[in-house]
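Beneath this line is the structure, given in structure tokens, with notes to follow.
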Amino acid sequence: MSDVVNPKKKLYIETVGCQMNLLDSELVVARLRQDGYELTTEVEDADTILFNTCSVRQHAEDKIYSALGRIKGLKARRPEVSIGVLGCMAQKDQKQVLRRAPHVDIVVGPGQLERVPEMLEAARVEGKPQLAVSLARNDGSRDAVTASFAEYDPLRDPEMRPSPFQAFVRIMMGCDKFCTYCIVPSVRGPEQSRPPGVIVEESRRLVDAGVVEITLLGQTVNSYSYREPDGRVTRLSDLLERLHEIDGLRRIRFITNFPNDMTDDLLQAVRDLPRVSRYLHVPAQSGCDEMLKRMKRMYSVALYDDMMARIRETVPDAAVSSDFIVGFCGESEASFERSVRLVERSRFKNSFIFKYSPRTGTKADLLYVDDVPEEVKKRRNNELLAVQNEICREDNLKFVGRTVEVLVEGPSKTSSRRSETSAGDDGLQQLAGRTWCDRIVVFEGRLRHIGRFVPIEIDEVSTVTLYGRLATSEVVHNEAALA
Ligand code: SAH
Ligand code: SF4
Ligand code: F3S
Numbered sequence: 011m012s013d014v015v016n017p018k019k020k021l022y023i024e025t026v027g028c029q030m031n032l033l034d035s036e037l038v039v040a041r042l043r044q045d046g047y048e049l050t051t052e053v054e055d056a057d058t059i060l061f062n063t064c065s066v067r068q069h070a071e072d073k074i075y076s077a078l079g080r081i082k083g084l085k086a087r088r089p090e091v092s093i094g095v096l097g098c099m100a101q102k103d104q105k106q107v108l109r110r111a112p113h114v115d116i117v118v119g120p121g122q123l124e125r126v127p128e129m130l131e132a133a134r135v136e137g138k139p140q141l142a143v144s145l146a147r148n149d150g151s152r153d154a155v156t157a158s159f160a161e162y163d164p165l166r167d168p169e170m171r172p173s174p175f176q177a178f179v180r181i182m183m184g185c186d187k188f189c190t191y192c193i194v195p196s197v198r199g200p201e202q203s204r205p206p207g208v209i210v211e212e213s214r215r216l217v218d219a220g221v222v223e224i225t226l227l228g229q230t231v232n233s234y235s236y237r238e239p240d241g242r243v244t245r246l247s248d249l250l251e252r253l254h255e256i257d258g259l260r261r262i263r264f265i266t267n268f269p270n271d272m273t274d275d276l277l278q279a280v281r282d283l284p285r286v287s288r289y290l291h292v293p294a295q296s297g298c299d300e301m302l303k304r305m306k307r308m309y310s311v312a313l314y315d316d317m318m319a320r321i322r323e324t325v326p327d328a329a330v331s332s333d334f335i336v337g338f339c340g341e342s343e344a345s346f347e348r349s350v351r352l353v354e355r356s357r358f359k360n361s362f363i364f365k366y367s368p369r370t371g372t373k374a375d376l377l378y379v380d381d382v383p384e385e386v387k388k389r390r391n392n393e394l395l396a397v398q399n400e401i402c403r404e405d406n407l408k409f410v411g412r413t414v415e416v417l418v419e420g421p422s423k424t425s426s427r428r429s430e431t432s433a434g435d436d437g438l439q440q441l442a443g444r445t446w447c448d449r450i451v452v453f454e455g456r457l458r459h460i461g462r463f464v465p466i467e468i469d470e471v472s473t474v475t476l477y478g479r480l481a482t483s484e485v486v487h488n489e490a491a492l493a
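Just add 10 to the spot in the sequence shown (first one is 1) and you have my numbering.
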């Protein structure tokens, strides 16, 4: 009866930014579902429109402000529709969001997400915009600021998940590294490690609900450290060991790593625990010491090289990926060339390359001049990407003829290499999944393969994808032979 009188409210949500944001959106959606919302993919159908935002680069913010601009007319036509700006941009811009987009009803920072339902309600009842943000990093004692970035994960409901077999589990919140270019420490607050018992319990519940792959999340995930009241300290390597004991958990991944904290105990754990993914994302940001110093990354190129050597020695089958910023303040042609050299000798599986984007409120914006012209940034971005792509192609070619184990994630989003095959006729379609070293594999399979680990024999590659067919031969789990 109540369903007829009170039809389900429709929720549209758009998420940009990192995996932290994907997880936050999942939690917000799960919470609102409990209040009777259902998801819609059509913004025009929605009663509530939410944007979970990112502030890491100007481009990410521009995207959201133009999306907000596009729904101005909708809000004018249907004032009862609620519009919310959540996440990092909400924390960074706060009331400015309302100045730029007065049709927004709620602005909620990443440390206040549990208040979303209450804020939506208050905006409706009071008929005016609501703001819920955390304290700024210098707005109080460390404890007070930390407390204002409330833990959200405890509200997690394993039944309300977007993927039945993959899940993110947050092990850390915030960041204390304060790299000079980066806004994350101000918008995500102080670094906090969640208690290992809580993480293990949350993971166990997810596995009970059908999850086979967990990705542990932290801005610097390998800096994880939790001290019990009795003084015992749990590091990421210890946590991996504990999670490894969960029956039914088939694969454990963790992102993103900080070079200084890539300790031997962690590399040994990756080597010794077969269900830990052979994939290490460890951003270098630059291959030039002078730039690293200006970025306050707290390591030298020599340390990064040494770390790469230790990784190759301890876990020879691991794939390493990196992030680079090109055109940071003062980056000369010679500095940039040093990044090119680092990519060449590190042979990353892939690199995420970004043009420096000045962020108000960061040290770099205060201290240095954004002196590399946009077209130079663009050229360096393309050059570095071309070098990386050549490495990807060469290293991917080594997979041809091999059989790899793939966790099938779903229908392939990229266009198929065999366009003559139409999906559906014979129940076969292009599916995509990932190997143990995080390489994307596309093959022809059936819906029932989704969520399962299958052996795929690789017969063709591109820079980003391995293509293959379901194999009957034995799985090559240890990919060391290919390194
Ligand atoms: N916590 C992660 C990175 C988070 S931000 C880490 O420390 O590795 C993701 C990436 O965005 C960074 O690795 C960096 O390469 C890039 N980035 C951060 N701030 C940036 C800025 N102001 N301009 C351009 N790229 C930036
Ligand atoms: Fe930003 Fe540096 Fe923290 Fe990564 S480690 S989130 S780049 S401040
Ligand atoms: Fe962006 Fe916030 Fe993640 S700024 S990268 S969404 S932590």
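Yeah, the Cβ is synthetic: ideal placement off N, Cα and C, and Gly gets one too.
Q.
On a Cα-Cα basis, can you pick out the residue from F338, A344, E223 that is closest to Q176?
A. Indexing the sequence shown from 1 puts residue 176 at position 166. The candidate whose alpha carbon is nearest that of Q176 is E223.
(Q) I'd like to confirm something about N31: is its beta-carbon nearer than 7 Å to some heavy atom of ligand 3, or not? (A) Translated into positions along the sequence shown, residue 31 becomes position 21. True, at least one ligand heavy atom lies under 7 Å from that Cβ.
Q. DSSP state of V243, grouped into three classes?
A. Counting from one through the sequence shown, the residue named residue 243 turns up at place 233. Correct three-state label for V243: strand.
Q) Do you know offhand how far V208's Cα is from D153's? A) Position 198 of the sequence shown holds residue 208. Position 143 of the sequence shown holds residue 153. Those two C-alpha atoms are separated by around 21 Å.
**Q.** Beta-carbon separation (whole angstroms), T58 vs S35, contact threshold 8 Å
**A.** Translated into positions along the sequence shown, residue 58 becomes position 48. Translated into positions along the sequence shown, residue 35 becomes position 25. Not confirmed; about 13 Å, so no contact.
Q: Specify the secondary structure class of F346 as computed by DSSP and reduced to three states.
A: Numbered from its first residue, the sequence shown carries residue 346 at position 336. In this structure, F346 counts as helix in the three-state DSSP scheme.
Q.
Can you tell me where the alpha helix (DSSP H) holding Q44 begins and where it ends?
A. Position 34 of the sequence shown, counting from 1, holds the residue named residue 44. Note, Q44: alpha helix (DSSP H), 29-44.
Q | Host alpha helix (DSSP H) of E161 (start-end) | A | What you label residue 161 is simply residue 151 of the sequence shown in a count that begins at 1. No alpha helix (DSSP H) holds E161; DSSP gives it neither H nor E.
Q: Measure the C-alpha to C-alpha separation of C185 and V194 and round it to an integer number of angstroms.
A: As a working note, residue 185 is residue 175 in the sequence shown. As a working note, residue 194 is residue 184 in the sequence shown. In a straight line, the C-alpha of C185 is about 7 Å away from that of V194.
Q: Could you spell out the range, first to last residue, of the beta strand (DSSP E) harbouring S361?
A: Residue 361 sits at position 351 when you count from the first residue of the sequence shown. Residues 360-365.
Q) What do you reckon, is the C-beta of R147 under 7 Å from a heavy atom of ligand 3? A) Taking the first residue of the sequence shown as position 1, residue 147 is located at position 137. Answer for R147: no, Cβ out of range of ligand 3.
Q.
Just to confirm my understanding: we take L313, look at its own chain, exclude 5 residues before and 5 after, and list those with CB closer than 8 Å. What are they?
A. For the purposes of this step, residue 313 is identified with residue 303 of the sequence shown, where counting begins at 1. Taken in chain order, the residues that qualify are P269, N270.
Q.
Going by beta-carbon coordinates alone, are S203 and Y234 separated by less than 8 Å?
A. Along the sequence shown, read from residue 1 onward, the residue named residue 203 stands at position 193. Along the sequence shown, read from residue 1 onward, the residue named residue 234 stands at position 224. It is a contact, given that the beta carbons lie within the stated cut-off.
Q. Taking just the CA atoms, how far does N399 sit from R351?
A. The count along the sequence shown starts at 1 and reaches residue 351 at position 341. The count along the sequence shown starts at 1 and reaches residue 399 at position 389. Between R351 and N399, the C-alpha separation is close to 14 Å.
Q | Residues with C-beta closer than 6 Å to any heavy atom of ligand 2, in chain order | A | C185, K187, F188, C189, C192, V194, P195, Q229, T230, F268
Q: Pick out whichever of R109, Q122, R304 has its Cα sitting closest to the Cα of Q295.
A: On the sequence shown, position 285 is the one that residue 295 refers to. Per the Cα distances, R304.
Q. What does a CB cutoff of less than 8 Å around R444 pick up in its chain, not counting 5 residues either side in sequence?
A. For the purposes of this step, residue 444 is taken as residue 434 along the sequence shown, with counting starting at 1. Excluding residues within five positions, the ones whose Cβ falls inside 8 Å are V416, L417, E419, I450, V451.
Q) Between E442 and F453, what straight-line distance do the alpha-carbon atoms span, to the nearest angstrom? A) As a first step, residue 442 is located in the sequence shown; it is residue number 432 there, counting from the start. As a first step, residue 453 is located in the sequence shown; it is residue number 443 there, counting from the start. Before going on, a small fix: residue 442 reads as Ala here, not Glu. Spanning the two alpha carbons is a distance of roughly 7 Å.
Q | Start-end ranges of the beta strand (DSSP E) lying completely within the segment 278-347, minimum 3 residues | A | 289-291, 329-336
Q) First and last residue of the alpha helix (DSSP H) that includes R215? A) Within the sequence shown, residue 215 is the residue found at index 205, counting from 1. First-last of the alpha helix (DSSP H) with R215: 206-218.
**Q.** Backbone secondary structure at R403 - three-state DSSP
**A.** As a position in the sequence shown, residue 403 is number 393, starting the count at 1. Note: R403 maps to helix in three-state DSSP.
Q: Whole angstroms is fine: what's the gap from D55's alpha carbon to P284's?
A: Here residue 55 refers to the residue found at position 45 of the sequence shown. Here residue 284 refers to the residue found at position 274 of the sequence shown. Taking the straight line from one Cα to the other gives about 46 Å.
Q. Regarding R6 and ligand 1, is the C-beta to nearest heavy atom distance less than 7 Å?
A. A query on residue 6 cannot be resolved here, the shown segment of the chain reaching from 11 to 493 and no further.
Q.
Are the CB atoms of P168 and L227 within a distance shorter than 8 Å?
A. In the sequence shown, residue 227 corresponds to position 217, counting from 1. In the sequence shown, residue 168 corresponds to position 158, counting from 1. No, Cβ-Cβ distance for L227 and P168 is not below 8 Å.
(Q) Considering only the alpha carbon of each residue, which of L395, C447, R403 lies closest to V471? (A) As a working note, residue 471 is residue 461 in the sequence shown. If we check each option's Cα against that of V471, R403 comes out closest.
Q. Is the beta carbon of L123 within less than 7 Å of some heavy atom of ligand 4?
A. As far as ligands go, the structure on display features ligand 1, ligand 2 and ligand 3 and does not contain ligand 4.
Q. How would you label E238, buried or exposed, when you count the other beta carbons within 10 angstroms and need 16 or more for buried?
A. The count along the sequence shown starts at 1 and reaches residue 238 at position 228. E238 should be labelled exposed.
(Q) Looking at ligand 1, does it come within less than 7 Å of R369, judged from the CB to the closest heavy atom? (A) As a first step, residue 369 must be located in the sequence shown, where it is residue number 359. R369: yes, Cβ under 7 Å from ligand 1.
Q: Could you tell me which residues DSSP pairs with I126 in its beta bridges?
A: Residue mapping note: residue 126 aligns to position 116 of the sequence shown, counting from 1. The question names Ile, but residue 126 in the sequence shown is Val. DSSP lists no partner for V126.
Q) Quick one: what does DSSP say V26 is sitting in, helix, strand or coil? A) Position 16 of the sequence shown holds residue 26. Looking at V26 - three-state DSSP - the assignment turns out to be coil, as it is neither helix nor strand.
Q) I think P368 touches T413, with their Cβ atoms under 8 Å apart; what is that distance to the nearest whole Å? A) Position 358 of the sequence shown holds residue 368. Position 403 of the sequence shown holds residue 413. The Cβ separation is near 47 Å, so there is no contact.
**Q.** Secondary structure of K387, DSSP reduced to three states
**A.** For the purposes of this step, residue 387 is taken as residue 377 along the sequence shown, with counting starting at 1. If DSSP states are grouped into helix, strand and coil, K387 belongs with the helices.
Q) Nearest-angstrom Cα distance between K102 and L377? A) Position 92 of the sequence shown, counted from the first residue, corresponds to residue 102. Position 367 of the sequence shown, counted from the first residue, corresponds to residue 377. If you take the alpha carbons of K102 and L377, they lie about 20 Å apart.
Q: Work out the CA separation of P326 and V280 for me, nearest whole Å.
A: On the sequence shown, position 270 is the one that residue 280 refers to. On the sequence shown, position 316 is the one that residue 326 refers to. One C-alpha to the other measures close to 11 Å.
Q.
F159 and M183 - do their beta-carbons sit closer together than 8 Å?
A. Along the sequence shown, read from residue 1 onward, the residue named residue 183 stands at position 173. Along the sequence shown, read from residue 1 onward, the residue named residue 159 stands at position 149. In contact: M183 and F159 (Cβ atoms closer than 8 Å).
Q) What is the DSSP secondary structure of Q104, reduced to helix, strand or coil? A) For this step, residue 104 is matched to residue 94 along the sequence shown. Looking at Q104 - three-state DSSP - the assignment turns out to be coil, as it is neither helix nor strand.
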